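Novice: Shown below is the structure under consideration.
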Amino acid sequence: MSSSISISLGPRQPLPEPATEPRFSAEAIAELEEIATHYPERKAACLPGLWIAQREYGGFLPPAAIHEVADRLGLSFSEVEGVATFYTMYNLRPRGRHHLEICTCLTCAVLGAYDIVHKLEHELGVSVGQTTADGEFTLGEAECLNFCGAATVAQVGDHYFTNLTADNVMNLIDELRKSEGYTPTKLADAIVKIHIPGSSKTGGGSRSAQQLEDPAGPML
Amino acid sequence: MGILNLLFANRSVPGINNLDVYLNNNGYKGLKRALAMEPQAVIEDVKLAGLRGRGGAGVPTGGLKWNGMPKNADKPHYIICNADEGEPGTFKDRELMLKTAFSVIEGMTIAGYATYSSVGYIYIRGEYVEPAWQIRKAIDQAYAQGYLGKNILGTGFNYDLYIHLGAGSYECGEESALMSSLMGERGNPRLKFPHAPFPVVSGLWGLPTLVNNVETYAAATWILANGGEEYAKYGTEKSKGTKIMSVSGHVAKPANYEVEMGTPLLELIELAGGVVNGRLKAVIPGGSSVPILPADKLEKVTLDYEGCGANGTLLGSGGFMVFNDLTDIVLLMKRTSEFYMHESCGKCTPCREGTRWLYKILDRITSGGGQPGDIDMLLDVCSQIDGRSYCGLGDAACWPIVAAIKSFRPEFEYWIANKRSPLGDRSVPPTPHVLNPLLSLTAA
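Spelled out as structure tokens, the structure:
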């Protein structure tokens, strides 16, 4: 393997070695195989496959994860890497336990989103894009989350938190500190489960089947 | 004119996302009626209704899309529901899926029957986990009770419906990029007709594919349940039925409002409780991609495709954003240009480079580095982007800026001359905290 080939995954890294140990559990393999039957070509399972990998690898996609998806789907590393680097929700680097994605797009921007971001930068002691030293929070800005009627909106894991202001956002931070849910791994799990027929019986991510009974959120 | 809840009729019925409740509220009446007709008769009913695509382009649904699919099952056909709602300001598909999930699925099933398709995919953006769970629940129940799968309702019609989630990409709401993404690729678009075939001729894996928006399928359900003629009683001559407008911004009651096509724009603002914290300054009626209109140009605008088109804007997706007079239009446009720069897929040079240039110039202007000639440079860059790429994202990045300069040029000139907002510290969005005077030393 030539070490003169570089791969654009952020800072320059050596060509990754093949994964020594695949990490997909038996359940994950079964999920991938089920999803692959939904399409006439196995390649189409690339996006769901990366979601499974993101869950199995603890909320992000190291080169080993991309290798494993490529191996299991019969694709090349570069093809899968190309997909992983295109979509914003695939994490190429680890995130904190809660990834705070505050929308700062049009409506949210005129309704105080930037005040919220600045407040969080001040209170958490990080800039946008950074993770707190205790690994608890990664602060981020999001492009439009498309729930503008409830501005300002933040996505944390598999949930939209709504009607946020600079005055009430620290309440959200306190709740998240105490919560087991809304993590990058749970987000990936929810997304994987949604692909699987019958999964509404058991739920997934941060939600039980019981919690799917009635749609959450304000009556907008 | 005004509020007319056709698609939203049952959204507040408790448990409407449970199949038994849905059936008790005219659920699957449309599919049952469709299955008793010939496929072409279903298409004729949708044509009679005058339904036009509700994603933003307003393409005649029955006449051009459904009717364009081959009228046999020689090859596999695919139905796609574009649930990648990404147009800033729009949140109607979210509510339709969250609260009336079955109406979307039923519409996709009707479309499948009418176009000899046996597989459907609903492509939901990855951020929409809550609505996607409701769709999952609805599909599971439909399979369990024979409304999906093999031999639906004993008619011999087979139809499978799969959910495919995105992973964060506005471009994947563009139908050809969506198909790329569904096939497991980066979300790059493909050439359009006449340089390439329409999706109804060759789409997913080179096979006939019907792509429609969530609201379009929900409308199809209503049409088949009640009759195309009923639907055509509402709206204007060329824009039939209703449009769900997602109202947000400086209004008292931001929400989704389903209004009859042709409703006056100012009436919608009143329905949403009127402007708050200031006086009305501007409206973007159809999502961030459509031209912004100043307050003094709103009186004659009606909410239908022709009504908006005749007044210098577009109905688009119906993402209706209202701005009061604390809003700094230049800062708003800077954030808008940042959105398009981030979301450009990068395939085509005019869009990839042009969206970045627009953002850099606006960032420089709003950081105190504006120079004479910047407005002309913005307009020049816009003209070099418009119509020159494989898809409309670049065009969508230019139209707001051209419109903003046309209607609010003095604000741009003020920023350049005075290196601050004409609204001072009170502006929304706020002036960036860090001004970088060095930026004025470098060319854009």
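In the order they appear, the protein sequences are chains P and X. Quick note: the first sequence, position 125, residue 125 per my numbering, numbers continuous. Here my numbering = 1-based position in the second sequence + 220. Heads up, the beta-carbon is just placed ideally off N, CA and C, and yes, glycines get one too. Note that the structure is predicted; figures quoted are calculated from it, not measured.
1. Smallest Cα separation from F311/X: which of Y348/X, Y579/X, K626/X, T569/X?
2. Determine, using beta carbons only, whether L106/P comes closer than 8 Å to chain X.
3. For S232/X, count neighbouring C-beta atoms within 10 Å of its own C-beta (all shown protein chains included) and say buried if the count is 16 or more, exposed if not.
4. Going by DSSP in three states, S468/X sits in which element: helix, strand or coil?
5. Taking the alpha carbon of V471/X as the point to measure from, which residue in V110/P, L61/P, G58/P, C103/P has its own alpha carbon closest?
6. Does Y182/P come within less than 8 Å of chain X when only Cβ atoms are used?
7. Based on Cα-Cα distance, which residue from S509/X, K517/X, S564/X lies nearest to F540/X?
8. Which same chain residues, not among the five before or five after E81/P, have their C-beta less than 6 Å away from its C-beta?
9. What is the residue span of the beta strand (DSSP E) that M541/X lies within?
10. Along the chain, which unbroken stretches of the alpha helix (DSSP H) at least 4 residues long are found entirely within the region 410-486 of chain X?
11. C667/X bridges to which residues according to DSSP?
12. Take A261/X as the anchor and find which of G494/X, N371/X, G283/X, E305/X has the nearest alpha-carbon.
13. Thinking P409/X and E394/X are a contact (beta carbons under 8 Å), I'd like their distance in whole angstroms, please.
14. Taking beta-carbon pairs under 8 Å, can you tell me which members of the region 150-162 of chain P lie near chain X?
15. Please decide whether S468/X counts as near chain P, where near means a Cβ-Cβ distance under 8 Å.
16. Does the Cβ-Cβ distance between G112/P and T165/P come in under 8 Å?
17. Inspect the CB distances between the region 238-247 of chain X and the region 317-332 of chain X and report whether three or more fall short of 8 Å.
18. Along the region 470-485 of chain X, what residues have a CB closer than 8 Å to any CB found in chain P?
19. Could you confirm whether any beta carbon from chain X is found closer than 8 Å to the beta carbon of G58/P?
20. Can you tell me whether L535/X is buried or exposed? The criterion is at least 16 other CB atoms within 10 Å of its CB, across all chains shown.
21. For the region 563-619 of chain X, which segments carrying the beta strand (DSSP E) assignment without a break, of at least 3 residues, lie completely within its bounds, in sequence order?
22. Would you say W635/X reaches chain P, if we count a Cβ-Cβ gap shorter than 8 Å as a contact?
23. Are the C-beta atoms of S199/P and some chain X residue less than 8 Å apart?
24. What three-state label does DSSP hand L220/P in the structure shown?
25. Which term fits R93/P, buried or exposed, when burial requires 16 or more other beta carbons within 10 angstroms of its beta carbon?
26. Closer than 6 Å by C-beta to K234/P: which residues in its own chain qualify, once you throw out the five before and the five after it? Chain order, please.
27. Helix, strand or coil for A277/X per DSSP?
28. Roughly how many whole angstroms lie between the Cα atoms of G149/P and V521/X?
29. Would you kindly check if the distance between the Cβ of E33/P and the Cβ of H562/X is under 8 Å?
30. What are the boundary residues of the alpha helix (DSSP H) that C528/X is part of?
31. Report the CB separation of H98/P from E123/P in whole angstroms; it is logged as a contact under 8 Å.
32. Taking Cβ positions only, does E631/X come closer than 8 Å to chain P?
33. Taking only beta-carbon atoms, is Y333/X less than 8 Å away from chain P?
34. Measure the CB-CB distance between L485/X and V503/X and report whether it falls below 8 Å.
35. I need the DSSP call for T85/P, collapsed to helix, strand or coil.
36. Could you tell me whether the Cβ atoms of E405/X and V83/P are closer together than 8 Å?
Specialist: Taking the definition as stated:
1. Y348/X
2. Cβ-Cβ to chain X under 8 Å: yes for L106/P.
3. Per the 10 Å Cβ criterion, exposed.
4. strand
5. V110/P
6. no
7. For F540/X, the nearest C-alpha among the options comes from S509/X.
8. I66
9. First-last of the beta strand (DSSP E) with M541/X: 539-544.
10. Counting only runs of 4 or more, we get 434-446, 448-451.
11. The shown model of chain X, from 221 to 664, leaves out residue 667/X, and the question about it has no answer.
12. G283/X
13. 5 Å
14. A150, A151, Q155, D158, H159, Y160
15. yes
16. yes
17. yes
18. H470, P474, A475, N476
19. no
20. buried
21. none
22. no
23. yes
24. At L220/P, the pLDDT of 42 sits below 50, so the modelled position is not reliable; the number obtained from the coordinates is stated separately. L220/P: coil per DSSP, three-state reduction.
25. exposed
26. This structure gives no information on residue 234/P, because the portion of chain P shown stretches from 1 to 220.
27. coil
28. 22 Å
29. No, the Cβ-Cβ distance between H562/X and E33/P is not below 8 Å.
30. Note, C528/X: alpha helix (DSSP H), 525-529.
31. The pair is not a contact, with the Cβ atoms about 14 Å apart (cut-off 8 Å).
32. no
33. Cβ-Cβ to chain P under 8 Å: no for Y333/X.
34. yes
35. helix
36. yes
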